[in-house]
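In the working numbering, the protein residues as written are 18 to 261.
Just so you know, even glycine gets a beta-carbon here, dropped at the ideal spot from N, CA and C.
As the structure is a prediction and not an experimental result, all values here were calculated from the model.
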Amino acid sequence: MSKSDKTVVITGASSGIGLGLAEAFLKEGYNVVGSGRSAGRLQAAAAQLNAGERFLGVAGDGGKPESAKKLFEQAIAKYGKVDVLVNNAGIFSAKPFIQFTPEEMEEQISTNLKGVLYPSQEAAKHMSERKQGKIITITASLGMQPAGNVPALLAVAIKGGLNQATRALALELAPFGVTVNAVAPGVVASPMHAPESHAALGRLHPLGRIATIGEVAAAVLYLARADYVTGTVMPVDGGFSAGR
Ligand SMILES: NC(=O)c1ccc[n+]([C@@H]2O[C@H](COP(=O)([O-])OP(=O)(O)OC[C@H]3O[C@@H](n4cnc5c(N)ncnc54)[C@H](OP(=O)(O)O)[C@@H]3O)[C@@H](O)[C@H]2O)c1
């Protein structure tokens, strides 16, 4: 077993916000177990993080219950326990509602909804038995405040539902000492958005720019430390959800 005494599971740790979170948690002294569909991208992430035995990549499709089971089994086998789960893996598509195909709807429901529910179930079982733990989900500001100029109904429906589910699960798990919170970013400078779109996307936010990955990671680290905060959805969105 590793010498670090805390372990975080981060879904979608091979790119963007998840990779930034892996780096931030490693700096805090955590062991990091990261998932993603592509074993090759996880290997590249491991090389970039250069954390040796303190990083474990577990490949699998997050929308499948067996992936979540494997993720937790391997994390517990290697590090003994899981202290924090960050549900981060996700995909995004903005276009008029009638243009979404059934395949795209299934993919978004699988990755963005089931990909949060199954790991959260594994975490809820493990953490309630241990009477401690923290579940943090990366949702989206659009789930709190839809925007007419960013048509993304599936993101609004799924991330908005997850914001509510965060509150509901917080109430269910509070008696077991497990906290459940969400971070709701506006647009973030990750590979999800081409760099040439960043300036225009920034103008959608009252603060006039998009977020850095570090700004999202800072909010997640705060929630990972906060023992008396549960059932919150913390916008990190430059004022996007504050109103128009
Ligand atoms: N970037 C933004 O502007 C923004 C704004 C609001 C919310 N968010 C949320 O932040 C989270 C991270 O986004 P990001 O910008 O960092 O995206 P990203 O750079 O595209 O990274 C997504 C990560 O999720 C993994 N992933 C995707 N589908 C998966 C699946 N079915 N099973 C397992 N892993 C999967 C990817 O690895 P593989 O491809 O190898 O599977 C990758 O590691 C998402 O939940 C997103 O909705 C992002």
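Inter-residue CB distance, residue i and residue j (contact presumed, cutoff 8 Å)
i: residue 228; j: residue 255; result: 7 Å
i: residue 51; j: residue 64; result: At roughly 13 Å, the Cβ-Cβ gap does not stay under 8 Å, so residue 51 and residue 64 are not in contact.
i: residue 103; j: residue 27; result: 5 Å
i: residue 29; j: residue 106; result: 3 Å
i: residue 250; j: residue 196; result: Not really, about 13 Å apart at Cβ, beyond 8 Å.
i: residue 269; j: residue 257; result: Here the chain covers residues 18 to 261 and nothing more, so residue 269 does not appear.
i: residue 252; j: residue 158; result: 5 Å
i: residue 34; j: residue 126; result: That pair is no contact at about 21 Å.
Reduced DSSP secondary structure (H/G/I, E/B, other) of residue i
i: residue 257; result: helix
i: residue 228; result: strand
i: residue 25; result: strand
i: residue 38; result: helix
i: residue 19; result: Because the pLDDT of residue 19 is 44, which lies under 50, any placement of that residue in the model is unreliable, and the number read from its coordinates should be weighed accordingly. Residue 19: coil per DSSP, three-state reduction.
i: residue 113; result: coil
i: residue 246; result: coil
i: residue 234; result: helix
i: residue 32; result: coil
i: residue 206; result: coil
i: residue 164; result: strand
i: residue 223; result: coil
C-beta atoms of residue i and residue j nearer than 8 Å
i: residue 128; j: residue 57; result: no
i: residue 170; j: residue 133; result: no
i: residue 153; j: residue 200; result: yes
i: residue 177; j: residue 165; result: no
i: residue 41; j: residue 72; result: no
Host alpha helix (DSSP H) of residue i (start-end)
i: residue 82; result: 82-96
i: residue 173; result: 170-190
i: residue 199; result: It is not in any alpha helix (DSSP H) - residue 199 instead sits in the beta strand (DSSP E) that spans 195-202.
i: residue 66; result: 56-66
i: residue 133; result: 132-147
i: residue 119; result: 119-125
Beta strand (DSSP E) segment containing residue i, residue limits
i: residue 75; result: 72-76
i: residue 153; result: 150-155
i: residue 51; result: 48-53
i: residue 102; result: 101-104
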